[in-house]
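A quick write-up on the structure given underneath.
2 protein chains.
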Amino acid sequence: MLDESELPRQWYNIQADMINKPLPLLNPATREPLKAEDLAHIFAAECAKQELDQEHAWIDIPEEVLERYKYYRSTPLVRAYALEKALGTPAHIYFKNESVNPLGSHKINSALPQCYYCKQEGTTNVTTETGAGQWGAALSYAAKAFGLECAVYQVKISMQQKPYRSSIMRTFGATVTGSPSMSTRAGKDIITRDPLHPGSLGTAISEAVELATTTPNCKYTLGSVMSHVSLHQTIIGLEAEKQMEKAGEYPDTIIACFGGGSNFGGLAFPFMRHTLLEGKKIDFIAAEPSSCPKLTHGKFEYDFGDEAGYTPLLPMYTLGHEFKPANIHAGGLRYHGAGTIVSQLLKDGYMRAVDIPQTESFAAGLLFARTESIIPAPESCHAIAATIREAKKCIETGEEKVILFNLSGHGLIDMTAYDSYLNGDLTDPEFKG
Amino acid sequence: MLDESELPRQWYNIQADMINKPLPLLNPATREPLKAEDLAHIFAAECAKQELDQEHAWIDIPEEVLERYKYYRSTPLVRAYALEKALGTPAHIYFKNESVNPLGSHKINSALPQCYYCKQEGTTNVTTETGAGQWGAALSYAAKAFGLECAVYQVKISMQQKPYRSSIMRTFGATVTGSPSMSTRAGKDIITRDPLHPGSLGTAISEAVELATTTPNCKYTLGSVMSHVSLHQTIIGLEAEKQMEKAGEYPDTIIACFGGGSNFGGLAFPFMRHTLLEGKKIDFIAAEPSSCPKLTHGKFEYDFGDEAGYTPLLPMYTLGHEFKPANIHAGGLRYHGAGTIVSQLLKDGYMRAVDIPQTESFAAGLLFARTESIIPAPESCHAIAATIREAKKCIETGEEKVILFNLSGHGLIDMTAYDSYLNGDLTDPEFKG
């Protein structure tokens, strides 16, 4: 743990240090690069500015956000001795525990600044999409903290799988609607095409963006994918860097699960800075689900961020914006595309990706729970599974590698998934590309 | 927060300082006072010894338990500024946040030493009862931590209301059975008498005690009521005392919810020491549910701790061991009796009790969630409701009272209860004495 005086006071903007910058976002009609003003129609102006900032490597965290961070930060950096022992690996396994806050995941790190900027700019209402509900819960709390009204579109299948998360959002005063819904034009169109559509982050984004653009004084917020979200999440890696230093070690391998890229970038970017600036060698691994493998099986191309095609065109690894992901329990990883920064970094060889079958992820999560006492979120189980793969390689090679992974959230609201695994009902849906 | 070096290394045994000691436990057949040897048939020998210890005020915490405490302790002491502001009270409200650990409640504080002592004494299996499941989850984890097998009897109605908690226990490797069940003589008898019996802590204790006494190398453990459990929980109050000193304040009022007394005693006893030894005036308030009000509506008499009459006779405030509590969501407070220490202290006027209707408890919990960002367990909501009552009195009198309450656990696994409250479906079951 860090002392209050050691908490980072700036976020790290990796765009400033990248050799090949991410390609610009394009206006789908004109295919012209977007300016911050264009994005400010849907996002808070400050977020729009951060999104396109390729100059400033360090961005000040506002005092009001720092105050809120202090409620739960720093988060612990933990050496997973019991897991190491159970595996019999010579590797040193560390994890950054982002599950230690009242909302239970890293998502709050970006929900707070996004709501703060909205409030500062005179916005009264925020809206968003959510999958498993980690982001929706975080935003509901942050909106309440800064006195904003909040409306959340939650992926329908996730809402059914994890009913408690919508209850949490309602407890914090948010309105929650299952997506696709009949409350928007986009939702109606999707339901008309496919009445049994289980929903996806793509459908929920379409609905939230539509609500934001058709409601006065309402802004859209996003829990991942966008560069400003990863920026806010760098608080994770910046803390972890200081904590690893205190532990007297430096990671050889850095692993995080991958949905849109915010928890991955949040942990990895501050370390990758040393790769970019000093040539430091670190093995960065993004762990994605086998059934939604945009990094390992997607194409790098311009695509929409949502199902209906309301967003700008984003240069990214994508499975196509109409890709319908299988109903895996890791709702937060059921997204067709990757953020523009990560996409460029993967293309340029600074990182790699692995895909993890659902049952392997839960086997890893169960072992972690029984050794380290924390029940991990189904998303985080993918990072644990990838970590176990690497730690097992160290048994063969005898290397004492230092592996750092991000425990992005706990799974207390995801117990039906564990039930299903313990009962032997869980399957590994195939990827249909 | 406290530094690691400031963590208490001893528990406080209030029995040593009490003027009127608790009356002895009696053998139901002979009505003779029990000795530690008699209790050691069902409990770990060290726990049995602690149970009857009326001499030593300070008892060393074993190193192995301290090491495990350090995984999550100290827990934060928080000033509830936002709640104060929402109430408009001049009172200073503090809470000790025992929800900050992977199991989500204070129960782990006693689960760890109980399993440690069992392991030390060569026990291989532990068993217990659980209501809402907070205790069962904590014991499942502690058993796994010390390499013991664990079997839990969970109150049937709570198991239905909170299915995730049994999943958590199973995830930690425990066997979970709904009580009353057909797996024990006691359970069969209860079901024969009342096939639709929803279960109670009393029925689950009978079944667990029977399992422990009929299984080789198996000990029974308990999550509340007994004096050694409160002893282990004093880590809460001992930390809080140091933390209040750092905050430069001293509590006028100390509040905790009340099931069997362990979280109440855990917070209150270290402060009550100064009442007993130095005559310090503090208003100690136990908050119990209106539908299970043993302290405000029970009788002080010898009674069994369980439904079937397997336990020793305990001198306590009780509603009768066959009392069938209403199906309120605060499963941990659905117990017919109070621990022997608290019963004596209440009788002697050192503390008082209030009873809280279910809907008042959830209204308080919702306000707390929306101001302080933590969704409290239904049990803890009772402490919050009692705190709000006291804080509102301060508005009238203008007193800047310092109120300290125990947030014994979070309510993330109890979201069906909040749903029910938000939907307007929650009722206030009457007490039928």
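As given, the protein sequences belong to chains A and B, one line each in that order. Per the working numbering, residue 1 is the first one in the first sequence, and the count goes up by one each step. Per the working numbering, residue 1001 is the first one in the second sequence, and the count goes up by one each step. C-beta atoms are modelled at their ideal positions from N, C-alpha and C, and glycine is treated no differently. Remember, it's a predicted structure, so these values are computed and weren't measured experimentally.
Tell me, which residues are paired with residue i by DSSP?
| i | result |
| --- | --- |
| C150(A) | V126(A) |
| T221(A) | None; T221(A) has no bridge partner. |
| Y1418(B) | None; Y1418(B) has no bridge partner. |
| C257(A) | A287(A) |
| Y1302(B) | P1315(B) |
| R1079(B) | Y1094(B) |
| H1410(B) | P1376(B) |
| L404(A) | Y94(A) and I254(A) |
| Y1012(B) | W1058(B) |
| V1155(B) | S1179(B) |
DSSP three-state call for residue i: helix, strand or coil?
| i | result |
| --- | --- |
| R1165(B) | helix |
| G1337(B) | strand |
| D189(A) | helix |
| K1096(B) | strand |
| Y1071(B) | coil |
| P1024(B) | coil |
| A353(A) | strand |
| G398(A) | coil |
| S1179(B) | strand |
| I59(A) | strand |
| P1195(B) | coil |
| S105(A) | strand |
| Y116(A) | helix |
| P1325(B) | coil |
| P216(A) | coil |
| P33(A) | strand |
| N423(A) | coil |
| K432(A) | coil |
| D17(A) | helix |
| E1239(B) | helix |
| C1292(B) | coil |
| M1226(B) | coil |
| H274(A) | helix |
The ligand ZN and residue i: does any heavy atom of the ligand fall closer than 8 angstroms to the residue's C-beta?
| i | result |
| --- | --- |
| M316(A) | With respect to the ligand ZN, the structure shown offers nothing to examine, as it has no ligands at all. |
Can the beta-carbon of residue i be found closer than 9 angstroms to that of residue j?
| i | j | result |
| --- | --- | --- |
| P378(A) | I341(A) | no |
| G1133(B) | R1170(B) | no |
| S1291(B) | N1263(B) | no |
| I1205(B) | Y1153(B) | yes |
| K1242(B) | P1008(B) | yes |
| P289(A) | L26(A) | no |
| L333(A) | H382(A) | yes |
| I374(A) | N97(A) | yes |
| I403(A) | P251(A) | yes |
| S1179(B) | T1215(B) | no |
| D1017(B) | R1273(B) | yes |
| T200(A) | K324(A) | The sequence given here has Ser at residue 200(A), not Thr. Closer than 9 angstroms, so yes. |
| P1315(B) | L1023(B) | yes |
| T221(A) | A40(A) | no |
Taking all protein chains shown into account, decide if residue i is buried (16 or more other Cβ within 10 angstroms of its Cβ) or exposed.
| i | result |
| --- | --- |
| W1011(B) | buried |
| K1156(B) | buried |
| D348(A) | exposed |
| N20(A) | exposed |
| A48(A) | buried |
| A1029(B) | exposed |
| H1056(B) | exposed |
| I1413(B) | buried |
| H1092(B) | buried |
| G259(A) | buried |
| N217(A) | exposed |
Taking CB distances under 9 angstroms as the criterion, tell me whether residue i reaches chain E.
| i | result |
| --- | --- |
| K1021(B) | This model lacks chain E altogether, as its protein chains are A and B. |
Count the CB pairs spanning the stretch 1231-1249 of chain B and the stretch 408-416 of chain A that are closer than 8 angstroms, and state whether there are at least three. no
Mind the definition here: the stretch 1299-1310 of chain B touches the stretch 418-425 of chain A only if three or more C-beta pairs lie below 8 angstroms; say whether that holds. no
Inspect the CB distances between the stretch 1267-1280 of chain B and the stretch 1073-1083 of chain B and report whether three or more fall short of 8 angstroms. no
The stretch 108-126 of chain A contacting the stretch 140-150 of chain A, beta-carbon criterion three pairs below 8 angstroms: yes
Mind the definition here: the stretch 321-339 of chain A touches the stretch 295-304 of chain A only if three or more C-beta pairs lie below 8 angstroms; say whether that holds. yes
Inter-stretch contact (C-beta, 8 angstroms, three-pair minimum) for the stretch 49-69 of chain A and the stretch 22-37 of chain A: yes
Pairing CB atoms from the stretch 275-288 of chain A with CB atoms from the stretch 349-362 of chain A, are three or more of them under 8 angstroms? yes
Any chance the stretch 1386-1402 of chain B sits against the stretch 109-118 of chain A, with 3 or more Cβ pairs inside 8 angstroms? no
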